[in-house]
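**Q** I have a structure I would like to understand better, so I am pasting it below and will then ask my questions one at a time.
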Amino acid sequence: MNWLTPRAASDPALPEDIYHRSPEDVQRLGGYARRVDADIVGFQEVDGPQIAARVFPATRYRIYMTDDPVVQRVGLAVRNSLSVERHPDLTDLNVYPPSAPHPLRSGLDVTVSDGKTSLRILVLHLKTGCWDNPPDERKHACPTLRRQFEILSDWILERQDEGEAFAIMGDFNRRMTPGDPLFHDLSQPSPLLLTTAGKASPCWGGEYFIDHILLGGQARNWLVPDSLRVMTFKGAGETPKNTSDHCPVSVELSLP
Numbered sequence: 001m002n003w004l005t006p007r008a009a010s011d012p013a014l015p016e017d018i019y020h021r022s023p024e025d026v027q028r029l030g031g032y033a034r035r036v037d038a039d040i041v042g043f044q045e046v047d048g049p050q051i052a053a054r055v056f057p058a059t060r061y062r063i064y065m066t067d068d069p070v071v072q073r074v075g076l077a078v079r080n081s082l083s084v085e086r087h088p089d090l091t092d093l094n095v096y097p098p099s100a101p102h103p104l105r106s107g108l109d110v111t112v113s114d115g116k117t118s119l120r121i122l123v124l125h126l127k128t129g130c131w132d133n134p135p136d137e138r139k140h141a142c143p144t145l146r147r148q149f150e151i152l153s154d155w156i157l158e159r160q161d162e163g164e165a166f167a168i169m170g171d172f173n174r175r176m177t178p179g180d181p182l183f184h185d186l187s188q189p190s191p192l193l194l195t196t197a198g199k200a201s202p203c204w205g206g207e208y209f210i211d212h213i214l215l216g217g218q219a220r221n222w223l224v225p226d227s228l229r230v231m232t233f234k235g236a237g238e239t240p241k242n243t244s245d246h247c248p249v250s251v252e253l254s255l256p
């Protein structure tokens, strides 16, 4: 949600050039969240549960976020009627050494249940800069992203061993397609359904997807056909700064 934070502009943890949301901006985001009306919402770039709850209020949602010591954390808003089991954050996604000045974000790992069926969910925000470059490229961000994909493969293998239905969703910072070598490698432990395959996003005039929802295990059979949607921001005066530079991407699942 594009540096959604309640901190003052002078806070040393923030870059000098980011846009600071007004109360009206946050209220606008909350209105879009109501329009999406999802049971489960993964989000990125949010500075803690307090500001997240202004978009996803406690009357409807519970907020879960990683424990990362960074401003741009990932999280999940879950409808109050669902139960949630929190697992340890996937901190291995921070493949940087401890001496790095800015750590990479962990993944949020939870199991959500409606009382009959459970879905293991990993919400993430991966390293930017390796959009569609060859994955063996040795410059830019590709070596880092490739290492993060190896961590994801290990997580997927664990889900396969445990026989769990699962979803991985968030900002992959990668224009993945079924033919992408990185997606191919990710699918080796267990077949994955790339719900954005063959589609382009209408967000802010059109782009290729870098926000994806992957389904694995039995969850691959739960996707409602043709349910992929992208909500665009169309109000007067709305920009990528005062709303978000990413648009909500959603699918529907039909749980057994």
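Positions 1 to 256 (full-length UniProt numbering) are the ones given, in order, by the sequence shown. Glycine included, C-beta positions come from ideal geometry on N, C-alpha and C. On a predicted model such as this, the values are computed, not experimentally measured, just so you know.
In whole angstroms, what is the alpha-carbon distance linking Gly216 and Ile156?
**A** Whole-angstrom Cα-Cα distance: 8 Å.
**Q** Do you know offhand how far Pro134's Cα is from Glu150's?
**A** Going by the C-alpha atoms only, they are around 16 Å apart.
**Q** By the three-class DSSP mapping on this structure, what secondary structure does Ile51 have?
**A** In this structure, Ile51 counts as helix in the three-state DSSP scheme.
**Q** Quick check on the burial criterion: 16 or more other C-beta atoms within 10 angstroms. Buried or exposed for His102?
**A** With fewer than 16 Cβ atoms within 10 Å of its Cβ, His102 is classed as exposed.
**Q** Under the assumption that Gly42 contacts Val123 (Cβ atoms under 8 Å), give the Cβ distance between them as a whole number of angstroms.
**A** The pair is a contact, with the Cβ atoms about 4 Å apart (cut-off 8 Å).
**Q** Whole-angstrom Cβ separation of Met65 and Leu4, contact assumed at under 8 Å?
**A** At roughly 12 Å, the Cβ-Cβ gap does not stay under 8 Å, so Met65 and Leu4 are not in contact.
**Q** Are there 16 or more other CB atoms within 10 angstroms of the CB of Tyr61, so buried, or fewer, so exposed?
**A** That one is buried.
**Q** How close, in whole Å, do the beta carbons of Ile121 and Asn173 come, if the pair is a contact with beta carbons under 8 Å?
**A** With a Cβ gap of about 19 Å, Ile121 and Asn173 do not count as contacting.
**Q** Tell me which same chain residues have a C-beta within less than 6 Å of the C-beta of Trp131, skipping the five on either side of it?
**A** So the list reads Arg175, once near-sequence residues are dropped.
**Q** Which residues mark the beginning and the end of the beta strand (DSSP E) in which Arg62 is found?
**A** Arg62 -> beta strand (DSSP E) spans 61-65.
**Q** Measuring alpha carbon to alpha carbon, tell me which residue in Leu145, Ala236, Thr117 is nearest Asn94.
**A** Checking every option, the nearest Cα to that of Asn94 belongs to Leu145.
**Q** So who's on the other strand from Phe43, going by DSSP bridges?
**A** Answer is Gly75, bridged to Phe43.
**Q** Entirely within the region 120-167 and at least 4 residues each: give me those alpha helix (DSSP H) ranges in chain order.
**A** Qualifying alpha helix (DSSP H) stretches, in chain order: 142-162.
**Q** What do you get for Gly31, buried or exposed, if any count of 16 or more other CB atoms within 10 angstroms of its CB means buried?
**A** Exposed: under 16 other Cβ atoms inside 10 Å.
**Q** Does DSSP put Glu24 in a helix, a strand or coil?
**A** DSSP places Glu24 in helix when its eight states are reduced to three.
**Q** Tell me the DSSP bridge mates of Gly217?
**A** According to DSSP, which records beta bridges pairwise, Gly217 is partnered with nothing at all.
**Q** Apart from the five residues on each side of it in sequence, which residues of its chain come closer than 6 Å, Cβ to Cβ, to Lys241?
**A** The answer, listed in chain order, is Tyr19.
**Q** For Asp180, which three-state DSSP category applies?
**A** It is coil, neither helix nor strand.
**Q** What is the C-beta distance between Leu214 and Leu192, in whole angstroms, given that I count them as a contact (C-beta under 8 Å)?
**A** Their Cβ separation, rounded to whole angstroms, is 5 Å, which keeps Leu214 and Leu192 in contact under 8 Å.
**Q** Considering only the alpha carbon of each residue, which of Ile40, Thr196, Glu252, Leu186 lies closest to Thr111?
**A** Taking only the C-alpha atoms, the option nearest Thr111 is Ile40.
**Q** So, with DSSP's three-state summary, where would you put Val36?
**A** Correct three-state label for Val36: helix.
**Q** Where are the beta strand (DSSP E) runs, 3 residues long or more, that stay fully inside the region 75-110, in chain order?
**A** List check, beta strand (DSSP E) in window: 83-86.
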